[in-house]
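**Q** Residue numbers (the numbering used here): 391 to 535. Below is the structure I would like to discuss, written out as structure tokens.
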Ligand code: RB5
């Protein structure tokens with residue numbers, strides 16, 4: 391898969407792990423985030439990755455900040471983006487199966503009970519269930535208008 395990744399200084403280590411993990415599985419990662427502890431503003435990182443996703447040929451995007459909260463809120467303000475902030479593997483699966491999100495967010499300072507890399511793998515392996523969920527996702531997107 392072709393994946394865009396961005397992060398702020400609160401998730402440098404996690405983003406590095408994510409990038410290495412995905413590349414080891416044969417995915418292509420365009421890492422636009424900060425790769426050292428240099429302070430940046432997470433809305434800028436969200437905007438950068440979302441614009442790249444919307445103008446490029448990506449399967450989905452990943453956003454990371456300290457908690458995943460600020461960067462996911464920012465992404466969800468951009469038309470065309472649906473960004474999930476899952477708390478475990480189950481929520482990651484549902485984010486694809488029910489919500490068909492195009493971005494998934496994680497927090498570099500969060501002590502997850504399940505490994506974010508497993509959450510990411512579960513997300514990638516899942517398919518959108520469509521059916522009644524098409525209607526609900528369309529309703530989400532119509533809230534942009
Ligand atoms: C940056 O210090 C921190 O606020 C940011 O990474 C994130 O946690 C915001 O939601």
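Ideal placement from N, C-alpha and C gives every residue a C-beta, glycine not left out.
Tell me which same chain residues have a C-beta within less than 7 Å of the C-beta of residue 449, skipping the five on either side of it?
**A** Reading the chain shown from its first residue, position 59 is the one you call residue 449. Cβ within range, chain order: 391, 392, 393.
**Q** Counting only runs of 4+ residues fully inside the stretch 398-476, write out the alpha helix (DSSP H) ranges in chain order.
**A** Runs found: 402-414, 432-445, 459-465.
**Q** Give the single residue among 460, 445, 440, 408 whose Cα lies nearest to the Cα of residue 451.
**A** Taking the first residue of the chain shown as position 1, residue 451 is located at position 61. Answer by Cα proximity: 440.
**Q** Between the stretch 454-469 and the stretch 431-445, do three or more beta carbon pairs fall short of 8 Å?
**A** The stretch 454-469, when compared against the stretch 431-445, does touch it at the 8 Å Cβ threshold.
**Q** Starting from the Cα of residue 412, find the closest Cα among 522, 535, 515 and give me that residue.
**A** For the purposes of this step, residue 412 is taken as the residue at position 22 of the chain shown. When each option's Cα is compared against that of residue 412, the closest is 515.
**Q** Do residue 530 and the ligand RB5 come close, with the Cβ less than 7 Å from some heavy atom?
**A** Here residue 530 corresponds to residue number 140 of the chain shown, with the count starting at 1. It does not: the Cβ of residue 530 is nowhere closer than 7 Å to a heavy atom of the ligand RB5.
**Q** DSSP on residue 496, reduced to helix/strand/coil?
**A** In the chain shown, the residue the question calls residue 496 occupies position 106. Residue 496 falls in the strand class under three-state DSSP.
**Q** Would you report the Cα separation of residue 395 and residue 499, rounded to the nearest angstrom?
**A** Against the chain shown, residue 395 aligns to sequence position 5. Against the chain shown, residue 499 aligns to sequence position 109. Their backbone Cα atoms lie some 17 Å apart in a straight line.
**Q** Mark residue 532 as exposed unless 16 or more other C-beta atoms lie within 10 angstroms of its C-beta, in which case mark it buried.
**A** Stepping through the chain shown from its first residue, residue 532 is reached at position 142. So residue 532 counts as exposed.
**Q** Since residue 504 is in the alpha helix (DSSP H), which residue starts that stretch and which ends it?
**A** Walking along the chain shown from the start, residue 504 turns up at place 114. Unbroken run through residue 504: none, as it is neither H nor E.
**Q** When you compare the CB positions of residue 513 and residue 483, do they come within less than 8 Å of one another, or not?
**A** As a position in the chain shown, residue 513 is number 123, starting the count at 1. As a position in the chain shown, residue 483 is number 93, starting the count at 1. It is a contact, given that the beta carbons lie within the stated cut-off.
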